[in-house]
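Residue numbers (my numbering), protein chains in the order written: chain H, 1 to 289; chain U, 1001 to 1350. Have a look at the structure below, then the notes.
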């Protein structure tokens, strides 16, 4: 038997901590979660078991499908809104602002809200959108409406507005990074060949920034898909999302088995989304070559 | 000489701090809003040396959830009578030596000897406070004088109605639909309740999950009518001086009644502080303190005899335990899981 070389020992020493951490705090909990998904709820708590009743309930009771579809819809809307707002913003930062100082300042202004507590930012939207809120007051003082409107708060629109506001930086950051790395020479070459700004964008900038768009969209989508605060703070009676269902099953309903089954299902969905976007990203990268 | 004086000073210092050091402890309570108000908790902390920290629940179903998620965090919990039995069955609590809880013999026997509280000769809870759940509304917005649960289902108030995010939504709807057995509804009745609640959804602005949230909703003009923990929200909203007031009424389909009691979490290291707290809450300071901070009814009529005037005694039903009979006292639903499932299905519905 050969003695382990010193480099092997070093490798083991270097990676044992992160690997151990991943094993203990990521892999083991996932295995536990999947296992508990097969347990049975039995008053007052639950008992270990191996049965598929929880999954059967998830697929047979329409409330779970309704909420999963609603969550997908909200997350897609938030991703779309964040892209519409975030891409031009990143573009403006990289190509329009000439001064480095100013660019850094504006970029920081986009990032700084992330330092403020999420709860506080979501709560602020309640104050803006409420019946007695800032938006209604402004519209009334402008004479556009006579009585405050209920339509801004406690519905899915309010959730999309709040989540978009909160997650826009996650869209801007990766797009900014890819736009900044596009060699200026490519854009100049395109212009030299007589291609207009729109054509340059379509044929040069857009394809080269796709990676950033996919990364930003993926992050925004996953973050809003798993959100449970916006529905509670600004959502109405039709605002329940998947994370709220999970909270209920692990909380009030005290049905950890059903909650674990649902969490496993959500995990599979998220992994599927990641796989599809990863595949799309690689496909688009191949097309560029 | 100097040395002796120093020694004496040191001894005095040690003696002065000794009782404090000996009793210094902490007490973590899982309880309801208003039940750990500084007005009466601060004097307790000073007298006992126990530092109190409180976490609030939004419904009785939160107790088991929080305790199941990991013990060792809470020392005392205050579930309602309908949840006391479940805490015992789940093994979350220890029985209480009532002889050690000063003043607990003054509690209405209807509460202290209740079959959920005394089981096989062992006492599992010490009553704390009781009250009702009625309808809160804005007299300046709601026409006439409402007397029925129907006001919560009235399309005239579309978008201005709220409801407690709790399984009790089923009890309210069942009473409105005229089902007498609200804690033991059959499948057909539950389906009818569920359909009615889903039909009500477009009228609902927001389901509230804490007294603070309902106070916000009422105070900021978001809603005009809701069910509410009688006394607490109306007191808080009216104290804000918003230019309008709120009122409460017991619907003709009856209001709900509840009684919250203190339970000792299994194996708590702070048992001494817990028992001191339970005793304190049976004293005039404790009973009047919590009654004033919540608007609810004291369980210990003797304790409040000196700290409430006649008008307040009348309002808070002191020595009027018969008021219980006018309420539907909460019981654990026979099929708790089914009820929670129905309520969750209502919330998940479009």
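All C-beta atoms, glycine included, are put in the ideal place defined by N, C-alpha and C. In this text the structure is predicted, and so the values were computed from the model without any measurement.
Legend entry - Min CB distance residue 121/H to chain U below 8 angstroms: no
Inset, instruction - Tell me, to the nearest whole angstrom, how far the beta carbon of residue 1161/U is from that of residue 1204/U; I am working on the premise that it is less than 8 angstroms. - result: 5 angstroms
Legend entry - Proximal residues of chain H, C-beta to C-beta of residue 1137/U below 8 angstroms: Within chain H, no residue comes near residue 1137/U; the closest Cβ sits about 17 angstroms away, beyond 8 angstroms.
Inset, instruction - Could I get the ranges of all uninterrupted alpha helix (DSSP H) runs contained in the stretch 1264-1311 of chain U, with 4 residues as the minimum, in chain order? - result: 1271-1281, 1284-1294, 1301-1304
Inset, instruction - Kindly say whether residue 131/H, judged by its beta-carbon, lies nearer than 8 angstroms to any beta-carbon of chain U. - result: yes
Legend entry - 8 angstroms Cβ shell around residue 1117/U - same chain, five flanking residues per side excluded: 1081, 1084, 1111, 1123, 1124, 1125, 1127, 1261
Inset, instruction - Taking residue 1209/U and residue 1163/U to be in contact with their CB atoms under 8 angstroms, please state how far apart those CB atoms are, rounded to whole angstroms. - result: Wrong, their Cβ atoms sit about 11 angstroms apart, outside the cutoff.
Inset, instruction - Take residue 74/H as the anchor and find which of 262/H, 221/H, 233/H has the nearest alpha-carbon. - result: 221/H
Inset, instruction - Along the beta strand (DSSP E) that carries residue 1227/U, what are the first and last residues, could you check? - result: 1225-1229
Legend entry - Within 8 angstroms, strictly: CB atoms of residue 233/H and residue 165/H: no
Legend entry - Reference residue 246/H; option with closest CA among 235/H, 236/H, 267/H: 267/H
Inset, instruction - With DSSP as the reference, label residue 249/H as helix, strand or coil. - result: helix
Inset, instruction - Mind checking which residues open and close the beta strand (DSSP E) that includes residue 1249/U? - result: 1247-1249
Legend entry - Alpha-carbon spacing of residue 1027/U relative to residue 1063/U, whole angstroms: 17 angstroms
Legend entry - Own chain, CB closer than 6 angstroms to residue 1280/U, minus 5 neighbours either side, in chain order: 1044, 1286
Legend entry - For residue 46/H, three-class secondary structure by DSSP: strand
Inset, instruction - Could you spell out where the beta strand (DSSP E) holding residue 1026/U opens and where it closes? - result: 1025-1031
Legend entry - Outcome for residue 169/H when other beta-carbon atoms lying within 10 angstroms are tallied against a minimum of 16: buried
Inset, instruction - Provide the residue span of the beta strand (DSSP E) that contains residue 1127/U, from first to last. - result: 1126-1137
Legend entry - 8 angstroms CB neighbourhood of residue 1039/U in its chain, flanking five on each side removed: 1289, 1292, 1293
Legend entry - Interface flag, residue 1062/U vs chain H, CB-CB below 8 angstroms: yes
Legend entry - Neighbour flag for residue 55/H against chain U, beta carbons, 8 angstroms: no
Legend entry - Residue-chain proximity (residue 343/H, chain U), Cβ-Cβ < 8 angstroms: Past the boundaries of the shown model lies residue 343/H; chain H is included only from 1 to 289, so the question cannot be answered.
Inset, instruction - Measure the Cβ-Cβ separation of residue 1130/U and residue 1297/U and say whether it is below 8 angstroms. - result: yes
Legend entry - alpha helix (DSSP H) runs wholly inside the stretch 157-229 of chain H, at least 4 long, in chain order: 184-192, 197-200, 206-225
Inset, instruction - Put residue 282/H into one of helix, strand or coil per three-state DSSP. - result: helix
Inset, instruction - Could you tell me the boundaries of the alpha helix (DSSP H) in which residue 1084/U lies? - result: 1081-1089
Inset, instruction - May I have the straight-line CA-CA distance separating residue 64/H from residue 225/H, to the nearest angstrom? - result: 14 angstroms
Inset, instruction - Could you pull out every residue in the same chain whose Cβ sits closer than 7 angstroms to the Cβ of residue 90/H, ignoring the five residues on either side in sequence? - result: 172, 175, 176, 179
Inset, instruction - Use the C-beta contact count for residue 1070/U: other C-beta atoms within 10 angstroms, 16 or more gives buried, fewer gives exposed. - result: exposed
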